[in-house]
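Residue numbers (this note's numbering): 12 to 284.
For every residue, glycine included, the Cβ atom is placed at its ideal position computed from N, Cα and C.
Remember, it's a predicted structure, so these values are computed and weren't measured experimentally.
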Amino acid sequence: MDKTVASAAEAVADIPDGVTLAVGGFGLCGIPSVLIRALLDQGTRDLEVVSNNAGVDDWGLGLLLGAGRLRRVVASYVGENKEFARQYLAGELEVELTPQGTLAERMRAGGVGVPAFFTATGVGTQVAEGGLPWRYDAGNVVVASPAKETRTFATAEGDKEFVLEQAIVADFGLVRAWKGDRHGNLVFRKASRNFNPLAAMCGRVTVAEVEELVEPGELDPDEVHLPGVFVHRVVALTPEQAAEKRIEKKTTRGAPPPVDPPKTPSGSSEAGA
Numbered sequence: 012m013d014k015t016v017a018s019a020a021e022a023v024a025d026i027p028d029g030v031t032l033a034v035g036g037f038g039l040c041g042i043p044s045v046l047i048r049a050l051l052d053q054g055t056r057d058l059e060v061v062s063n064n065a066g067v068d069d070w071g072l073g074l075l076l077g078a079g080r081l082r083r084v085v086a087s088y089v090g091e092n093k094e095f096a097r098q099y100l101a102g103e104l105e106v107e108l109t110p111q112g113t114l115a116e117r118m119r120a121g122g123v124g125v126p127a128f129f130t131a132t133g134v135g136t137q138v139a140e141g142g143l144p145w146r147y148d149a150g151n152v153v154v155a156s157p158a159k160e161t162r163t164f165a166t167a168e169g170d171k172e173f174v175l176e177q178a179i180v181a182d183f184g185l186v187r188a189w190k191g192d193r194h195g196n197l198v199f200r201k202a203s204r205n206f207n208p209l210a211a212m213c214g215r216v217t218v219a220e221v222e223e224l225v226e227p228g229e230l231d232p233d234e235v236h237l238p239g240v241f242v243h244r245v246v247a248l249t250p251e252q253a254a255e256k257r258i259e260k261k262t263t264r265g266a267p268p269p270v271d272p273p274k275t276p277s278g279s280s281e282a283g284a
């Protein structure tokens with residue numbers, strides 16, 4: 012039952028070229044940055060990644076992208092990574108853009124054994140009708156999304172059309188948790204939960220890096236966000252690794268301008284009264 016491994020390098024050592032990875036995180040929040048770095052150092056390439064986004068140019072999945080290790084990305088957002096946009100428009104990378112809620116449910120469905128589901132999201136658009144550009148070549152679309160099955164169902168609001176979406180099952184899942192025990196039970200902190208439980212669920216083999224490793228029984232069962240049945244390997248981070256967290260966008264402002272002291276009815280300031 013002890014699922015801990017000594018290092019991130021050991022945890023990803025058997026991840027071969029050409030596999031599909033489900034990777035947790037949202038922007039740079041809750042990303043398994045240490046496992047991603049280990050994959051980069053290992054030289055694994057030709058990867059298909061399922062993730063909300065592809066990191067930024069110099070961190071997270073952006074490191075694998077910049078090194079030319081990704082062949083395909085299934086994501087819902089790509090706006091913060093210039094290299095991602097360049098590779099996509101240059102035909103170097105295949106990209107399947109998916110509505111965010113649909114992506115989340117496709118991953119969850121893969122984890123619980125539901126092969127497909129119907130959703131109203133995307134009906135009447137290229138999401139359902141097909142034609143979304145997946146790959147370019149010299150400015151031309153050479154691979155486009157296929158049309159999907161639609162069906163009408165009765166709802167409380169009347170008959171509505173729905174589109175069939177396929178579940179996602181990845182070869183490996185990579186996630187980051189705030190706390191975890193040796194059995195693989197995980198607790199995520201606040202917004203860093205995001206896509207992490209879903210990425211863990213849909214991976215055939217899931218590796219979790221945890222900021223704090225505790226012994227079995229130390230986690231309150233009611234506080235466990237993801238049970239250990241979905242996790243196969245646990246890597247305890249060093250304090251330095253756990254503390255290294257990038258901010259996706261820094262917004263700063265200067266000091267506010269000085270405020271004149273209030274004046275008394277006679278016109279003199281209170282300070283001089």
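- A distance of 8 Å or more separates the beta carbons of Leu175 and Leu143.
- Two segments are said to touch when three or more pairs of C-beta atoms, one from each, lie closer than 8 Å; by this definition the region 41 to 58 touches the region 70 to 89.
- Between Gly122 and Cys213, the CB-CB gap stays under 8 Å.
- DSSP, read as helix, strand or coil, puts Phe199 in coil.
- Of all C-beta pairs linking the region 246 to 255 to the region 221 to 234, three or more are shorter than 8 Å, placing the two stretches in contact.
- Between Leu114 and Asn64 a beta carbon distance of about 10 Å is seen, past the 8 Å cut, so the two are scored as non-contacting.
- Of the residues Pro227, Phe206, Gly239 and Gly141, the one whose Cα lies closest to the Cα of Gly112 is Phe206.
- In the pairwise beta carbon analysis, the region 182 to 200 is classified as not touching the region 149 to 162: fewer than three pairs are separated by under 8 Å.
- Take the alpha-carbon of Pro208 and the one of Leu100: they are about 31 Å apart.
- In the three-state reduction of the DSSP assignment, Tyr99 falls in the helix class.
- For Gly169, no alpha helix (DSSP H) run applies; the uninterrupted beta strand (DSSP E) run containing it begins and ends at Gly169 to Gln177, by DSSP.
- Beta bridge pairing from DSSP links Tyr147 with Val152.
- Asp52 is the residue among Asp52, Ala86 and Val125 whose C-alpha sits nearest the C-alpha of Gly79.
- In terms of Cβ geometry, Arg193 and Glu226 form a close pair [threshold 8 Å].
- For Gly184, the enclosing beta strand (DSSP E) begins and ends at Ala181 to Asp192.
- At a Cβ-Cβ threshold of 8 Å, Ala178 and Val125 count as neighbours.
- Residue pairing for Val85: DSSP places it in a beta bridge opposite Val61 and Glu107.
- Of the residues Thr163, Ala165, Ala181 and Pro232, the one whose Cα lies closest to the Cα of Gly195 is Pro232.
- Separation of Phe128 and Val218 (C-alpha to C-alpha, rounded to the nearest whole angstrom) is 27 Å.
- With respect to the 8 Å criterion, Val23 and Leu50 are classified as neighbours on the basis of their beta carbons.
- Cβ neighbours of Asp13 within its own chain (closer than 6 Å, five residues either side excluded): Arg193.
- Lys93 has no beta-bridge partner at all, per DSSP.
- Taking every protein chain shown into account, the CB of Ser44 has 16 or more other CB atoms within 10 angstroms, so this residue is buried.
- Between Asn92 and Gln98, the alpha-carbon positions lie close to 10 Å from each other.
- Judged by DSSP secondary structure, Ala127 falls within the beta strand (DSSP E) whose first and last residues are Ala127 to Thr130.
- Exposed is the label assigned to Glu21, since fewer than 16 other Cβ atoms lie within 10 Å of its Cβ.
- Cβ-Cβ distances below 7 Å link Asp28 to Thr55, Arg56 and Asp57 in the same chain, with the five nearest sequence neighbours on each side left out; the list follows chain order.
- By the neighbour-count definition (other C-beta atoms within 10 Å, threshold 16), Val240 is an exposed residue.
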